[in-house]
Structure formats: C-alpha cells, structure tokens
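Notes follow once the structure below has been shown.
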Amino acid sequence: MNKWLEKPWVIRIVALILAVLLFVIVAFDENMEETDEGVTLPFTNQMKHEH
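Quick note on the numbering used here: the sequence shown kicks off at 515 and runs consecutively.
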C-alpha cells in the first residue's frame, strides 16, 4: 500500500472522492434543514415563494 501512495494518480483519485463525498454531505445537510419549503437542489437560483 505504501507504493500506491507514491503514485500521483492515486492521490488525485482519493482527493476527488473526498471532494465529491464532502459536496454530497453538505448538499444533503442543507436540504434536510429546509422546514416546509420542500427539497431544493444545490446551485439552483429558485425564489422562495412566501404564502
């Protein structure tokens, strides 16, 4: 396994996986905090409708 860590492409793949995992966790957490507005997708400019 030590030889794998010397390869630059292994480090890039691990970094990419961690970045995607972090993005998914943060996006999911933000969607769970919505109370009565429903689920919103990240990076969408939706105006919240006030009733």
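Glycine included, C-beta positions come from ideal geometry on N, C-alpha and C. The model shown is predicted, which means the values in this text are computed figures rather than measured ones.
Asked: Alpha carbon of I539 to alpha carbon of M546, nearest angstrom; Found: 11 Å
Asked: Alpha carbon of F542 to alpha carbon of L535, nearest angstrom; Found: 11 Å
Asked: Collapsed DSSP secondary structure at M515 in the structure displayed; Found: coil
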